[in-house]
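Peer 1:
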Amino acid sequence: MQLGSLFSTNIELLSKNIDLRAKQQNLISSNLANAETPNYVPKTLVFEDQLQGAIKGKSSGAPALTNVRHLPLKGATGKLQTVAGRVVETPAATPGKDGNAVELENEMSRMMENQIMYNASVQILAKKFEGIKSALREGK
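In this note's numbering, the protein residues as written are 2 to 141.
(1) Quick check on Ser60: does DSSP put it in helix, strand or coil?
(2) Tell me which residue opens and which closes the alpha helix (DSSP H) that Val123 is part of.
(3) So, for Ala55: in the same chain, excluding its five sequence neighbours on each side, which residues have a beta-carbon less than 7 Å away from its beta-carbon?
(4) Name the DSSP bridge partner or partners of Lys44?
(5) Enumerate in chain order the residues of its own chain whose CB-to-CB distance from Arg22 is below 7 Å, with the five nearest sequence positions on each side excluded.
(6) Which value, in whole angstroms, describes the spacing of the CA atoms of Gln51 and Arg87?
(7) Going by DSSP in three states, Glu49 sits in which element: helix, strand or coil?
(8) Shortest alpha-carbon distance to Leu14 belongs to which of Thr95, Ile125, Leu137, Asn101?
(9) For Lys80, name the three-state secondary structure that DSSP assigns.
(10) If contacts are defined as beta-carbon pairs under 8 Å, then Glu37 and Asn101 qualify, I think. What distance do you get, rounded to the angstrom?
(11) Enumerate in chain order the residues of its own chain whose CB-to-CB distance from Pro96 is below 7 Å, with the five nearest sequence positions on each side excluded.
(12) By alpha-carbon positions, which one of Gly132, Arg111, Val89, Leu137 ends up nearest to Leu46?
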């Protein structure tokens, strides 16, 4: 069995998650920068459901994973490459007098949560590479 095929889907999933979280961070930053722009509606990137669908193979007819610890089946990586998320407007329940719908507390909370998830993904990816590096050293 090739080492690359064993880890490629998990590494690609983490990589895609990091990429999408960075895009999410940019959108949140843009929302904060436009907190005083009249009629501005904040935006968010929705992608978690697409990532789950790509891994579970919903659209491909492939069997779904029954446990989060199972390795995804070969072929799921192609689906991961197509995940781009979608930008959705998230208007406030009560926009300001100028029509601006940015709620600073909400955006700051979303930014912190997204940053935590980004950092966790980076740490997990680093551990994956450490494990591969260790396995390669032991195999010599």
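Backbone N, C-alpha and C define an ideal beta-carbon position, used for all residues, glycine too. Since this is a predicted model, take the numbers as computed values, not measurements.
Peer 2: According to the structure data:
(1) Confidence is the limiting factor: at Ser60 the pLDDT is only 45, short of 50, which leaves the residue's position unreliable, though a coordinate-based value still follows. Of the three classes helix, strand and coil, the one that applies to Ser60 here is coil, per DSSP.
(2) Per DSSP, Val123 belongs to the alpha helix (DSSP H) from 105-139.
(3) Shown here for Ala55: same chain residues with a beta carbon closer than 7 Å to its own, the five before and five after excluded, namely Ala77, Lys80, Leu81, Val84 in chain order.
(4) Partner(s): Glu90.
(5) So the qualifying residues of the chain are Asn115, Met118, Tyr119, Ser122.
(6) Between Gln51 and Arg87, the alpha-carbon positions lie close to 9 Å from each other.
(7) Of the three classes helix, strand and coil, the one that applies to Glu49 here is helix, per DSSP.
(8) Closest by C-alpha distance to Leu14, out of Thr95, Ile125, Leu137, Asn101, is Ile125.
(9) When DSSP states are grouped into helix, strand and coil, Lys80 belongs to the helix group.
(10) Glu37 to Asn101, Cβ: 7 Å. Contact.
(11) Hits under 7 Å: Ala102.
(12) Closest in alpha carbon position to Leu46, among Gly132, Arg111, Val89, Leu137, is Val89.
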